[in-house]
Amino acid sequence: MNLKAVRTLYLAELARTKRTMLQSIVSPVISTSLYFVVFGAAIGTRISEVEGVSYGAFIVPGLIMLMLLTQSVATASFGIFFPRFSGAIYELLSAPVSYAEIVIGYVGAAATKAVALGLIALGTASLFVPLEIAHPLWMLFFLVLTAITFSLLGFIIGIWADGFEQLQLVPLLIITPLTFLGGTFYALEMLPPFWQAVTLFNPVVYLVSGFRWSFYGIGDVSLAASLTMIGAFLVAGIALVNWIFRSGYRLKP
Numbered sequence: 355m356n357l358k359a360v361r362t363l364y365l366a367e368l369a370r371t372k373r374t375m376l377q378s379i380v381s382p383v384i385s386t387s388l389y390f391v392v393f394g395a396a397i398g399t400r401i402s403e404v405e406g407v408s409y410g411a412f413i414v415p416g417l418i419m420l421m422l423l424t425q426s427v428a429t430a431s432f433g434i435f436f437p438r439f440s441g442a443i444y445e446l447l448s449a450p451v452s453y454a455e456i457v458i459g460y461v462g463a464a465a466t467k468a469v470a471l472g473l474i475a476l477g478t479a480s481l482f483v484p485l486e487i488a489h490p491l492w493m494l495f496f497l498v499l500t501a502i503t504f505s506l507l508g509f510i511i512g513i514w515a516d517g518f519e520q521l522q523l524v525p526l527l528i529i530t531p532l533t534f535l536g537g538t539f540y541a542l543e544m545l546p547p548f549w550q551a552v553t554l555f556n557p558v559v560y561l562v563s564g565f566r567w568s569f570y571g572i573g574d575v576s577l578a579a580s581l582t583m584i585g586a587f588l589v590a591g592i593a594l595v596n597w598i599f600r601s602g603y604r605l606k607p
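Under our numbering, the residue at position 12 of the sequence shown is numbered 366, and the numbers go up by one with no gaps.
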């Protein structure tokens, strides 16, 4: 593998994201604060604790996961879509750079930004509620692995999309609703049995549950189930990207 090529692509993508870094930092701080103001005032006064954890602290992992998923997908999808839109992708494909190096460069830069924003959201949340991270290494593991996995998904969306509108389709209509319905603001045991069973078909439940376990040692599903789900996401993403480059899907003029 040509590490110099990977580094060049990675730094070029980071340089692009730095131009909007102020907006990128302000956005998670404001949105995280608003979630605490709205949900803390509206629901926190009625629900003091969930599974022994204060409601404000309970929703923190879900809010960070929401930020992580949306930012990973958005950054990676735009990062690869813009070269396709401008035609620069053909110069990149004709350069002595392998497909793996292209993916690592773009996905790595998007994941780096998403992890940074997740940590900013975590720092913002700590200003509102006292936080305890029972398993910090597991927390970082989930943070990084989720960012990489969904940056890979964003990369795929950026290749699939025909226009800027389609770039927003999956984050707005699929990822955000699934995250809201995936236990971000509640525990599954608070739902009626029927809806508990239905919610288990939501893959984001497993991501939020595993991430929350790293904070408080509690989760709606087992740690093994969470790891299996995110591993399945990652393997599926790698397989799909491999097929895209081998078949030339949306990459041929």
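For glycine and all other residues, C-beta sits at the position ideal for the given N, C-alpha and C.
These numbers were taken from a predicted model, which means no experiment stands behind them.
- A Cβ-Cβ distance of about 30 Å is found for the pair residue 570 and residue 462, leaving them out of contact under the 8 Å criterion.
- Nearest Cα to residue 555 within the set 358, 539, 580 and 390: 580.
- With respect to the C-alpha of residue 535, the residue from 525, 559 and 497 having the closest C-alpha is 559.
- At the C-beta level, residue 422 and residue 389 stay beyond 8 Å of one another.
- For residue 393 and residue 411, the gap between their C-alpha atoms comes out near 12 Å.
- Under a 10 Å Cβ-count criterion, residue 507 is classified as buried, with 16 or more other Cβ atoms of the shown protein chains found around its own Cβ.
- Secondary structure at residue 404: strand, using DSSP grouped into helix, strand and coil.
- The three-state secondary structure of residue 538, taken from DSSP, is coil.
- In the three-state DSSP reduction, residue 507 falls in the helix class (H, G or I).
- Residue 400 counts as exposed, since fewer than 16 other beta carbons sit within 10 angstroms of its beta carbon.
- By the Cβ criterion, the segment 520 to 533 is in contact with the segment 422 to 432, since at least three pairs of Cβ atoms, one from each stretch, lie closer than 8 Å.
- Rounded to the nearest whole angstrom, the C-alpha separation of residue 474 and residue 387 is 12 Å.
- Burial is judged here by how many other beta carbons sit within 10 angstroms of a residue's own beta carbon; residue 568 has at least 16 and is buried.
- Counting along the chain, no alpha helix (DSSP H) covers residue 546, and no H or E run does either.
- Between the beta-carbon of residue 419 and that of residue 539 there is about 12 Å, and that puts the pair past the 8 Å contact cut.
- At a cut-off of 4 residues, the continuous stretches assigned as alpha helix (DSSP H) that sit fully inside the segment 448 to 510 are 453 to 480.
- Boundaries of the alpha helix (DSSP H) around residue 410: 409 to 412.
- Taking residue 578 as the centre and dropping the five residues before and after it, the same chain places no C-beta closer than 8 Å to its C-beta.
- DSSP places residue 555 outside both helix and strand once states are collapsed to three, so it counts as coil.
- Taking the Cα positions, residue 533 is about 30 Å away from residue 454.
- Here DSSP, grouped into helix, strand and coil, assigns residue 596 to helix.
- Counting only the Cα atoms, residue 434 lies some 15 Å from residue 451.
- The Cβ atoms of residue 458 and residue 589 lie no closer than 8 Å to each other.
- Nearest to residue 431 by alpha-carbon distance, out of 464, 481 and 403, is 464.
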